[in-house]
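Student: Just so you know, the protein sequences line up as chains F and R, in that order. Okay, so the first sequence: first residue is 5 according to the numbering used here, each after it adds one. Okay, so the second sequence: first residue is 53 according to the numbering used here, each after it adds one. Before we start, here is the structure in question, set down as structure tokens.
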Amino acid sequence: MKIALLSDIHANRQALDACLAHARAQGARQFALLGDLVGYGGEPAAVVDQAMALAQEGALIVQGNHDAAAVTPPAQAEQLGEQSAQWTHAQLSAAQREFLASRPLTARLGPYALLVHASADQPGRWHYISDGSAAERSMSAASLLDPSIRYVFSGHVHEQALYFLTPTAKLMRFTPQPGVPVPVPMHRQWLAIVGSVGQPRDHDARAMYALFDEQACSLTFHRVPYDHAAAAAAIRAAPLPAFFADRLEAGR
Amino acid sequence: MKLLDPGTEVDGFVVRECIHAGGMAHIYAVAYAQQARDPGFSLAMKIPRMTAGDGAENIVSFEVELQILPVLSGPHVPRFVAAGDLLRLPYLVMEYVPGQTLQHWLDQPERPDAATVAQLGGAMALAAHSLHQQNCCHLDLKPGNVLIRPDGSAVLLDFGLSCHAHYPDLLAEEMRKAVGSPAWIAPEQVVGVRGDLRSDIFAIGVMLYELATGELPFGAPTTQGGLRQRLWMTPAPPREHRPDLPEWLQEIILRCLEPEAAQRYPSAAHLAFDLANPGQVHITERGRRMHGPGVRAHLKRWIKAAGMHYQPSPLPTSQIEEAPILMVAVPHQDVQDATLYSLREAVARSLGIRPGARLACVTVLSPSASSASDAERSETTLHRTHLARLKAWAQPLPLAGHSVSYHVLEASDVGQALVRYAEGNRVGLMILGAATHGLQLQRFIDTVPIRVAREAPCTVILVKQQLPFEQLHA
């Protein structure tokens, strides 16, 4: 079965729709959302509705730091992200907030894979996987949880990367090529960062997600063009900082 | 590890006999158990030696090959057929390619002549180029891994130490230590840089040296110190071993063996080009010398090597694109000055944005143009005249830093000759005039430019003539 792994949607309905359509066309039968459904973007309610519909069909959804912030926004909004959390909170209905609040921090995808927004090492602390040692901590925490876990799928860092353990237990980082299925055999341990659906930051405006093929043990990182002008327009129509819209157009 | 008996069935394949028992794997001739599945070519099965006592690196390199072979294509690699699960039943079934490995030529009592060395080298370079165009570097080219088919083309074997830019490099962690075969490995591989296509060019250089002289340029070092020697050492010139070798061949071999990757050929297509055109090789001191550099020169190189910073390798395909072989078809009949001028402008622009490019200026003569009786129109005179015309045409071009060569082809079908030349020389970009019969006619007849644009294996730029009016008035 092929499972689409989508993370950091950030209330970008256009990007989510484009990735879902792309994944379905690629044969995805299951969906997993790796957190940060909302925050920054202009259509939080529509995205949460979409997520609730997916959850009805069996999608696995974990909570991200922006989801937690939207449920209980900080009283004082000093940073841009905090202002966005307050606005997002106001946009969501009680049912939508309850949906976000009740998402777990981690979830199991079959016996071998763990889903977590940031790091399996203290998931609620939202550690960034910015280098090999952070990736190694996340992998070891997952192994501690259950030694049969071979894959950790996460987001939080808005770029695509694949970390893997070699036979001598050294950790290597690999930058995937979009659209190329990478074999991820189960005798190794892998940590994949699937990138961001709704707010790419690598100077490429296209949305990112990854497709995991359970039978073939392969992982394909995808880049999907979407209507980023419409997503930017939705942000400009809301009382949100214009920078959130600008960055979508440049992918930064 | 125990050999499999003939007749044993493995996952739907019947084992026939063991054709190679190497240190890393056994290779068997096999066939599908079900006749109906026969693919129409012979099959070979590779089974890694992985029992207790066999090194862990066998498993990793088998895994690397399992990852890379299925995604490679083209006539220079064995076709992938099937693979068994790595943990349960590791095997790899591929096309069995008939031919001799390069070792066969090295085992002969006589050294091959320069033309044969160039032919074998050209075949290896084209095979490596095909691999590089797929973003893969072999990194373990040696006589046992190069197979020459009966038609003279080369097939590369054993991708256990290779590096493919689209996949995680499972051997990268071994990086601190050199991964490869000591006699053929490039200097940057010694310090752990993997994935530079010019490492393969170095290995081809070692094999050319072996073919030409019967010696290994750096011996077969067994220690890390011995391996590091090639970071600075220039080997004894081949002509010291064999004075009758032509200078052009030595020039080519020593360029492949430059310690610094940037000093070697920028792509294997450039190497193949020189090997196919010995007369056009630009010979420097490197080709002429009869003795290696002295102690003083080596000391200088040693100091330079000690301070050398090795950069991560460029992606093979971008490296190839940076240094394409650029071909220009220069017409010689019914041609206006404006056309020649516009062609030259287009070539100058293309060279300007590709500092590593080499330029091949080509003109095609019709066989009927020459005459056996009339000395004025004899074949050699005509050739000479046209070569001179080509050189005169190219003279105003900014050619500093670019290799240039001039070629007069003879063919009755101009379009076909140009396309074949581009195919044979792995041309990356072809420039030719847009109109040979007037643009009005092109809608009705299949003109040369239209046919070339359709059939050429590379990007084609069709240049329309542009009169330089401002300059004419001046």
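Yeah, the Cβ is synthetic: ideal placement off N, Cα and C, and Gly gets one too. Every value quoted in this text rests on a predicted model; they were computed, and no experiment measured them.
1. So, under 8 Å CB-CB, residue 263 of chain R and residue 169 of chain R are touching, yes? Tell me the CB distance rounded to an integer number of Å.
2. May I have a chain-ordered list of the alpha helix (DSSP H) segments no shorter than 4 residues that lie completely inside the stretch 82-122 of chain F?
3. Thinking C-beta only, is residue 342 of chain R closer than 9 Å to residue 292 of chain R?
4. Applying the criterion that 16 or more other CB atoms from any shown protein chain within 10 Å of the CB defines a buried residue, is residue 168 of chain F buried or exposed?
5. Can you check whether the C-beta of residue 64 of chain R is within less than 9 Å of a C-beta belonging to chain F?
6. For residue 219 of chain F, which residues in the same chain have their Cβ closer than 8 Å to its Cβ, ignoring the five residues on either side in sequence?
7. What residues from the stretch 160-189 of chain F come within 7 Å of chain R, judged by C-beta to C-beta, listed N to C?
8. Run down chain F in chain order and give the residues with a C-beta less than 7 Å from the C-beta of residue 220 of chain R.
9. Residues of chain F with CB closer than 7 Å to the CB of residue 224 of chain R, please, in chain order.
10. Indicate whether the contact test is met: 3 or more Cβ pairs, each with one atom in the stretch 48-58 of chain F and one in the stretch 85-94 of chain R, closer than 8 Å.
11. Would you identify the three-state DSSP class for residue 174 of chain F, choosing helix, strand or coil?
12. Counting only Cβ pairs nearer than 7 Å, list the residues of chain R close to residue 207 of chain F.
13. Identify, in the order they occur along the chain, each residue of the same chain with its Cβ nearer than 7 Å to the Cβ of residue 23 of chain F, setting aside the five sequence neighbours on each side.
14. Are there 16 or more other CB atoms within 10 angstroms of the CB of residue 104 of chain R, so buried, or fewer, so exposed?
15. Using the beta-carbon of each residue, which ones in chain F are nearer than 8 Å to residue 119 of chain R?
16. From this set, R/118, R/73, R/91, which residue's C-alpha is nearest residue 101 of chain R's C-alpha?
17. What residues in the stretch 132-149 of chain R bring their beta carbon closer than 8 Å to a beta carbon of chain F?
18. Where residue 66 of chain R and residue 81 of chain R are concerned, what is the direct C-alpha to C-alpha distance, given to the nearest angstrom?
19. Determine, using beta carbons only, whether residue 226 of chain F comes closer than 9 Å to chain R.
20. Under 8 Å by Cβ, that's how I've got residue 289 of chain R and residue 331 of chain R pegged, so tell me the actual separation to the nearest angstrom.
21. State the DSSP-derived secondary structure class of residue 537 of chain R, mapped to helix, strand or coil.
22. Can you tell me whether DSSP reads residue 431 of chain R as helix, strand or coil?
23. Excluding the five sequence neighbours on either side, which residues of its own chain have a C-beta within less than 8 Å of the C-beta of residue 429 of chain R, listed in chain order?
24. Between the Cα of residue 193 of chain R and those of R/326, R/462, R/499, R/207, spot the shortest distance and give me the residue it belongs to.
25. Using only the alpha-carbon positions, how far apart do residue 57 of chain R and residue 69 of chain R sit?
26. For a quick check, are the C-beta atoms of residue 116 of chain R and residue 214 of chain R less than 9 Å apart?
27. Taking 9 Å as the CB-CB limit, is residue 112 of chain R close to chain B?
28. Please confirm if residue 115 of chain R has its CB atom under 9 Å from at least one CB of chain F.
29. How is residue 336 of chain R classed by DSSP in three states: helix, strand or coil?
30. For residue 97 of chain R, count neighbouring C-beta atoms within 10 Å of its own C-beta (all shown protein chains included) and say buried if the count is 16 or more, exposed if not.
31. Helix, strand or coil: which one does DSSP assign to residue 219 of chain R?
32. What are the residues that DSSP puts in a beta bridge with residue 100 of chain R?
33. List the whole-angstrom C-beta distance separating residue 186 of chain F from residue 273 of chain R, where the pair is believed to meet the contact cut-off of C-beta under 8 Å.
34. I need the straight-line Cα distance from residue 123 of chain F to residue 139 of chain F, nearest angstrom please.
35. Give a yes or no on whether 9 Å exceeds the smallest Cβ distance from residue 217 of chain R to chain F.
Tutor: Taking the structure as given:
1. 5 Å
2. 84-95, 98-105
3. yes
4. buried
5. no
6. 5
7. 166, 168, 170, 171, 172, 174, 176, 178, 181, 184, 186, 187, 189
8. 166, 168, 176, 178, 186
9. 176
10. no
11. coil
12. Simply none; closest approach about 17 Å.
13. 10, 201, 211, 213, 228
14. Unreliable placement is indicated for residue 104 of chain R, whose pLDDT of 48 sits below 50; no coordinate value is reported for it.
15. 187
16. R/73
17. 138, 139
18. 9 Å
19. no
20. Not confirmed; about 21 Å, so no contact.
21. In the structure as shown, chain R starts at 53 and stops at 526, and residue 537 of chain R therefore has no counterpart that could be examined.
22. helix
23. 421, 422, 423
24. R/207
25. 8 Å
26. yes
27. Of the protein chains in this structure, namely F and R, none is chain B.
28. yes
29. coil
30. buried
31. coil
32. R/77
33. Their Cβ separation, rounded to whole angstroms, is 35 Å, which puts residue 186 of chain F and residue 273 of chain R out of contact at 8 Å.
34. 8 Å
35. yes
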